[in-house]
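Here is the structure we will look at, set down as structure tokens.
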Amino acid sequence: MIHQDNNSSKQRLQMYLAQFIKTAGEPAILKRSLKVSLIVGTILMFINHGDKLLSSNIDATLVIKILMTYCVPFCVSTQASVSATLQSRNKAA
867 MIHQDNNSSK QRLQMYLAQF IKTAGEPAIL KRSLKVSLIV GTILMFINHG DKLLSSNIDA
927 TLVIKILMTY CVPFCVSTQA SVSATLQSRN KAA
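Under my numbering, the sequence shown is numbered contiguously, ending at residue 959.
Structural data, given as structure tokens:
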């Protein structure tokens with residue numbers, strides 16, 4: 867019985883992840899996440915790395931850190947949008 871429950875849980879997780887990824891790829895969600903990333907990422911980038919940019923002390927490590935600064939708000943916005951969308955759709959069903 868436990869083995870069957872594990873398979874059932876695994877299948878539910880796989881179905882949820884597939885639905886999550888599909889929803890995350892929707893144009894409206896990607897557009898929203900990109901906007902949030904550009905606005906919030908730019909603010910964070912200047913807060914965290916502005917001094918190095920102004921001093922022209924730019925190296926590969928700084929570039930990677932700046933790119934990661936934009937990735938974080940993109941991921942957070944995507945996760946929040948997908949979760950809200952899926953919850954709304956489940957309530958409507």
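Using N, Cα and C, we set each Cβ at its ideal position, and we do this for glycine too.
Asked, Found
"G916 and P939 closer than 8 angstroms at C-beta", "no"
"Residues near M867 by beta carbon distance below 7 angstroms, same chain, minus five either side", "Note that M867 scores 49 on pLDDT, short of 50, meaning its location in the model is unreliable; the coordinates nonetheless yield the value given after this. Cβ neighbours of M867 beyond the five flanking positions: none."
"Residue interval of the alpha helix (DSSP H) (run including N956)", "A926 to A958"
"Rounded separation between M911 and Y936 - CA only", "8 angstroms"
"Member of M881, R955, Q953 and S947 whose CA lies at the smallest distance from the CA of S899", "S947"
"CB contact flag (S903, S954, <8 angstroms)", "no"
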